[in-house]
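A.B. asks: Following the numbering used here, the numbering of the sequence shown begins with 27 at its first residue and continues without gaps.
Think of the CB as a built atom: it goes at the ideal place given N, C-alpha and C, for glycine as much as any other residue.
Since this is a predicted model, take the numbers as computed values, not measurements.
Below: one structure in structure tokens.
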Amino acid sequence: MSDEEIQTLDRPAGGHTSSRPATGAAGASADRTTTATPHTPAQPSWLGPVLIVGIVLAALNLRPAITSLGALFEETRTGLGMSGTVAGLITSVPALCFAVFGVTAPRLSRRFGPAAVVCAGMAAIATGLLIRPFATGAAGFLAASALSLAGIALTNVLLPVIVKRYFPDRVGTMTGLYSMALAAGTSLAAAATVPLTGALGGSWRTGLLVWAGLAVVAVLPWLPIARTSRRAERAATAAAAAGTGPAVRADAGPRVARSRTAWALACYFGLQATGAYITMGWLPQIFRDAGVSASTAGVLLAVTMVMGVPLAFVIPGLAARMRNQGAIAAALGVFGLTGYLGLYFAPAAGAWAWALLLGVSNCAFPLVITLIGLRAKSPAGVVKLSAFAQSTGYLISIPGPLVIGTLYQHSGGWDLPLALMAGLLVPQIALGILAGRDRTIEDECGMRD
27 MSDEEIQTLD
37 RPAGGHTSSR
47 PATGAAGASA
57 DRTTTATPHT
67 PAQPSWLGPV
77 LIVGIVLAAL
87 NLRPAITSLG
97 ALFEETRTGL
107 GMSGTVAGLI
117 TSVPALCFAV
127 FGVTAPRLSR
137 RFGPAAVVCA
147 GMAAIATGLL
157 IRPFATGAAG
167 FLAASALSLA
177 GIALTNVLLP
187 VIVKRYFPDR
197 VGTMTGLYSM
207 ALAAGTSLAA
217 AATVPLTGAL
227 GGSWRTGLLV
237 WAGLAVVAVL
247 PWLPIARTSR
257 RAERAATAAA
267 AAGTGPAVRA
277 DAGPRVARSR
287 TAWALACYFG
297 LQATGAYITM
307 GWLPQIFRDA
317 GVSASTAGVL
327 LAVTMVMGVP
337 LAFVIPGLAA
347 RMRNQGAIAA
357 ALGVFGLTGY
367 LGLYFAPAAG
377 AWAWALLLGV
387 SNCAFPLVIT
397 LIGLRAKSPA
407 GVVKLSAFAQ
417 STGYLISIPG
427 PLVIGTLYQH
437 SGGWDLPLAL
447 MAGLLVPQIA
457 LGILAGRDRT
467 IEDECGMRD
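Next up, the structure:
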């Protein structure tokens with residue numbers, strides 16, 4: 027069954043799903059009941075509120091598996107006897123898993139429906155987080171981490187699809203809500219893991235296990251959502267077999283690789299992810315090498331990350347009200363350029379200002395997620411665009427932190443790495459302007475509504 031068939035079931039009252047969300051009074055209630063037709067069953071009234079809770083809980087769980095490990099990485103590495111090579115492999119696994127498993131999301135979504143796949147993704151995250159603290163060797167730990175990362179990859183791709191399908195008139199608001207939850211989960215795990223570990227006895231295994239509880243809770247709302255979605259799919263399948271419902275090819279949706287906007291989005295995603303990973307991995311070291319204390323450098327990184335919480339809610343809503351989002355992409359890039367220039371000329375003197383500016387610049391992530399929802403007309407298009415942009419983007423981002431580390435090691439300072447980091451923002455701005463143009467991938471691929 028195709029995504030466009032399911033779209034006929036999930037479309038809110040009023041019928042047409044626009045590529046641009048309505049704003050103001052036009053934004054309808056999230057939990058309204060769809061008008062039933064002979065082959066389109068009404069959605070239950072509880073579905074909207076439960077979806078909102080499910081989306082927020084899912085987003086909260088998309089980064090703790092990574093940032094909690096980062097906070098306890100030295101203890102974990104020592105406890106499992108990891109070699110330097112294995113430790114380096116584990117740090118590069120997230121982006122690789124996001125790219126590899128994200129590619130499978132469209133096929134799984136067509137086969138089982140996006141809600142069911144997100145439910146399975148949440149279960150995979152929880153299972154991996156439950157297993158890995160009990161691993162006795164690096165191989166088992168890596169396998170359990172990969173299971174969680176696979177679930178994160180699928181959910182990364184499909185949350186924009188869920189938003190587009192069930193909240194087509196509030197893409198910006200809902201994207202902002204889950205982007206804010208994602209940023210909050212990232213910051214919370216980074217800041218709270220070490221104190222929680224100390225309070226619970228000091229074992230790194232207990233510190234990592236704590237986050238499995240949050241993941242288990244996130245599975246619960248997706249169980250009824252997935253069940254309701256599957257019932258709607260079966261009803262649509264039966265209607266199509268009886269000739270009373272639409273019959274759409276299983277590969278419905280545009281061929282995204284033909285779209286210049288899709289490529290611009292994918293490369294923009296990759297460059298913003300590169301900047302984010304470099305910031306998270308190297309910013310404290312930049313400050314420490316400039317004479318800032320280790321504790322203050324950690325606080326400065328936390329400030330950079332926390333900036334994403336409020337802005338992740340504001341930026342998608344603003345972007346959804348604009349016809350062309352290129353100006354936002356350019357502004358975020360300028361903030362980043364200013365921050366890197368500041369680190370180049372006066373890293374310690376203006377440390378707090380540079381941390382704030384880079385925190386604003388890193389909010390390119392909620393912008394690009396919003397653009398994925400706006401640059402496709404249908405759920406079938408969104409799922410393909412999301413998988414393409416994120417998988418390609420994460421592949422692009424893999425070398426960035428490694429290249430910066432190599433330049434730092436061989437040049438003996440931060441002048442050359444910072445010049446490269448600033449230079450990468452120039453194509454990022456250009457690509458953001460291209461991706462922000464008011465067009466859809468269906469139009470570029472010659473598909474009619």
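To the nearest angstrom, how far is the alpha carbon of T418 from that of L433?
C.D. replies: The count along the sequence shown starts at 1 and reaches residue 418 at position 392. The count along the sequence shown starts at 1 and reaches residue 433 at position 407. Computed Cα separation, rounded: 24 Å.
A.B. asks: Please report the straight-line C-alpha distance between T153 and V144, rounded to a whole angstrom.
C.D. replies: Indexing the sequence shown from 1 puts residue 153 at position 127. Indexing the sequence shown from 1 puts residue 144 at position 118. If you take the alpha carbons of T153 and V144, they lie about 14 Å apart.
A.B. asks: Is A141 close to chain B, meaning its C-beta is less than 8 Å from at least one C-beta of that chain?
C.D. replies: Among the protein chains of the structure shown there is no chain B, as only one such chain exists.
A.B. asks: What did DSSP end up calling A390 once you bin it into helix, strand or coil?
C.D. replies: Counting from one through the sequence shown, the residue named residue 390 turns up at place 364. Helix.
A.B. asks: Give the range of the alpha helix (DSSP H) segment to which M348 is assigned.
C.D. replies: For the purposes of this step, residue 348 is identified with residue 322 of the sequence shown, where counting begins at 1. Where M348 is concerned, there is no enclosing alpha helix (DSSP H), given that its DSSP letter is neither H nor E.
A.B. asks: Straight-line CA distance for I78 to M206?
C.D. replies: Within the sequence shown, numbered from 1, the residue matching residue 78 stands at position 52. Within the sequence shown, numbered from 1, the residue matching residue 206 stands at position 180. Going from the Cα of I78 to the Cα of M206 covers about 13 Å.
A.B. asks: When DSSP labels each residue in this structure, what does N87 get in the three-state scheme?
C.D. replies: Residue 87 sits at position 61 when you count from the first residue of the sequence shown. Coil.
A.B. asks: So is D195 buried or exposed if we call it buried at 16+ other beta carbons inside 10 Å?
C.D. replies: Locating residue 195 in the sequence shown gives position 169, counting from the first residue. Buried, by the Cβ-count rule.
A.B. asks: Rounded to the nearest angstrom, what separates T364 and V119 at their Cα positions?
C.D. replies: For this step, residue 364 is matched to residue 338 along the sequence shown. For this step, residue 119 is matched to residue 93 along the sequence shown. Approximately 31 Å between the Cα atoms of the pair.
A.B. asks: Quick check on the DSSP output: what are the complete beta strand (DSSP E) runs of length 3 or more inside the segment 294-378, in order along the chain?
C.D. replies: Those beta strand (DSSP E) runs which fall completely within the segment 294-378 and span 3+ residues do not exist here.
A.B. asks: What separation, rounded to the nearest whole angstrom, lies between the Cα atoms of S109 and G307?
C.D. replies: Taking the first residue of the sequence shown as position 1, residue 109 is located at position 83. Taking the first residue of the sequence shown as position 1, residue 307 is located at position 281. Their backbone Cα atoms lie some 19 Å apart in a straight line.
A.B. asks: Rounding to the nearest angstrom, what Cα-Cα distance links I92 and L122 in this structure?
C.D. replies: Start at 1 with the first residue of the sequence shown, and residue 92 comes out as number 66. Start at 1 with the first residue of the sequence shown, and residue 122 comes out as number 96. So the alpha carbons of these two residues sit roughly 13 Å apart.
A.B. asks: If you count every other CB in all the chains shown that lies within 10 Å of the CB of E100, and 16 or more means buried, which is it?
C.D. replies: Position 74 of the sequence shown, counting from 1, holds the residue named residue 100. Exposed.
A.B. asks: Within the same chain, show all residues whose beta-carbon is closer than 6 Å to that of G462, passing over the 5 residues directly before and after it, in chain order.
C.D. replies: For this step, residue 462 is matched to residue 436 along the sequence shown. So the list reads N350, Q351, G352, A355, once near-sequence residues are dropped.
A.B. asks: Counting beta carbon pairs with one atom in the segment 167-179 and one in the segment 292-302, are three or more of them shorter than 8 Å?
C.D. replies: No: the two stretches stay apart, fewer than three of their Cβ pairs being nearer than 8 Å.
A.B. asks: Applying the criterion that 16 or more other CB atoms from any shown protein chain within 10 Å of the CB defines a buried residue, is R255 buried or exposed?
C.D. replies: Along the sequence shown, read from residue 1 onward, the residue named residue 255 stands at position 229. Looking at the sequence itself, residue 255 is Ser, so the reference to Arg does not match. Buried, since its Cβ has 16 or more Cβ neighbours within 10 Å.
A.B. asks: With the cut-off set at 8 Å, would you say A290 and L411 are in Cβ contact?
C.D. replies: Numbered from 1 along the sequence shown, position 264 holds the residue referred to as residue 290. Numbered from 1 along the sequence shown, position 385 holds the residue referred to as residue 411. No. Outside cutoff.
A.B. asks: How do the segment 357-376 and the segment 428-448 stand: do at least 3 beta-carbon pairs fall below 8 Å, yes or no?
C.D. replies: With a cut-off of 8 Å, the segment 428-448 and the segment 357-376 count as touching, because enough Cβ pairs lie within range.
A.B. asks: Can you tell me the Cβ-Cβ gap for A179 and F138, rounded? I've got them flagged as a contact below 8 Å.
C.D. replies: Locating residue 179 in the sequence shown gives position 153, where the first residue counts as 1. Locating residue 138 in the sequence shown gives position 112, where the first residue counts as 1. Going by Cβ atoms, the distance from A179 to F138 rounds to 16 Å, so no, they are not a contact pair.
A.B. asks: Quick one: grab the DSSP three-state call for D195.
C.D. replies: Stepping through the sequence shown from its first residue, residue 195 is reached at position 169. D195 falls in the coil class under three-state DSSP.
A.B. asks: Report yes or no: do three or more beta-carbon pairs, one from the segment 80-89 and one from the segment 198-214, lie closer than 8 Å?
C.D. replies: Flag = yes, the segment 80-89 and the segment 198-214 touch.
A.B. asks: Taking just the CA atoms, how far does P70 sit from L382?
C.D. replies: For the purposes of this step, residue 382 is taken as the residue at position 356 of the sequence shown. For the purposes of this step, residue 70 is taken as the residue at position 44 of the sequence shown. Answer to the nearest angstrom: the Cα atoms are 44 Å apart.
A.B. asks: Assess, as a yes-or-no matter, whether the segment 397-412 is touched by the segment 182-199 under the definition of 3 or more beta carbon pairs within less than 8 Å.
C.D. replies: The segment 182-199, when compared against the segment 397-412, does touch it at the 8 Å Cβ threshold.
A.B. asks: Report back the beta-carbon spacing between T330 and L358 to the nearest angstrom; my notes put them in contact at under 8 Å.
C.D. replies: Counting from one through the sequence shown, the residue named residue 330 turns up at place 304. Counting from one through the sequence shown, the residue named residue 358 turns up at place 332. Rounded, the Cβ-Cβ distance is 14 Å, inconsistent with contact.
A.B. asks: Could you name each continuous alpha helix (DSSP H) segment of 4 residues or more that falls completely within the segment 416-469, going from the start of the chain to the end?
C.D. replies: Counting only runs of 4 or more, we get 425-437, 441-461.
A.B. asks: Whole angstroms is fine: what's the gap from A328's alpha carbon to A217's?
C.D. replies: On the sequence shown, position 302 is the one that residue 328 refers to. On the sequence shown, position 191 is the one that residue 217 refers to. Going from the Cα of A328 to the Cα of A217 covers about 7 Å.
A.B. asks: From the DSSP output, in three-state form, read off V129 for me.
C.D. replies: Your numbering for residue 129 matches position 103 in the sequence shown. DSSP places V129 in coil when its eight states are reduced to three.
A.B. asks: Leaving out the 5 sequence neighbours to the left and right, which residues in its chain are closer than 6 Å to L421 when beta-carbon positions are compared?
C.D. replies: As a first step, residue 421 must be located in the sequence shown, where it is residue number 395. Here the set comprises A125.
A.B. asks: Select from L115, A164, P280 the residue whose C-alpha is nearest the C-alpha of E470.
C.D. replies: Residue numbering aside, residue 470 sits at position 444 when the sequence shown is read from its first letter. Here the closest residue by C-alpha is P280.
A.B. asks: For A150, tell me which candidate among R136, R158, G177 has the shortest Cα-Cα distance.
C.D. replies: Residue mapping note: residue 150 aligns to position 124 of the sequence shown, counting from 1. Ranking the options by Cα distance to A150, first place goes to G177.
A.B. asks: Mark R257 as exposed unless 16 or more other C-beta atoms lie within 10 angstroms of its C-beta, in which case mark it buried.
C.D. replies: Looking up residue 257 in the sequence shown gives position 231. Under this definition R257 is an exposed residue.
A.B. asks: With a threshold of 8 Å on Cβ separation, who are the neighbours of Y303 within its own chain once the five nearest residues in sequence on each side are excluded?
C.D. replies: As a first step, residue 303 must be located in the sequence shown, where it is residue number 277. Taken in chain order, the residues that qualify are A121, S423, G426, P427.
A.B. asks: Specify the secondary structure class of T49 as computed by DSSP and reduced to three states.
C.D. replies: Stepping through the sequence shown from its first residue, residue 49 is reached at position 23. Annotation note: pLDDT 37 at T49 (below 50); position unreliable, coordinate value reported separately. Coil at T49, not helix or strand.
A.B. asks: Roughly how many whole angstroms lie between the Cα atoms of D464 and R401?
C.D. replies: In the sequence shown, counting from the first residue as 1, residue 464 sits at position 438. In the sequence shown, counting from the first residue as 1, residue 401 sits at position 375. Those two C-alpha atoms are separated by around 8 Å.
A.B. asks: Do you know how far the Cα of L234 is from the Cα of L450?
C.D. replies: In the sequence shown, counting from the first residue as 1, residue 450 sits at position 424. In the sequence shown, counting from the first residue as 1, residue 234 sits at position 208. Going from the Cα of L450 to the Cα of L234 covers about 34 Å.
A.B. asks: Give the secondary structure of C471 by DSSP, where H, G and I count as helix, E and B as strand, and everything else as coil.
C.D. replies: If you number the sequence shown from 1, residue 471 lands on position 445. If DSSP states are grouped into helix, strand and coil, C471 belongs with coil.
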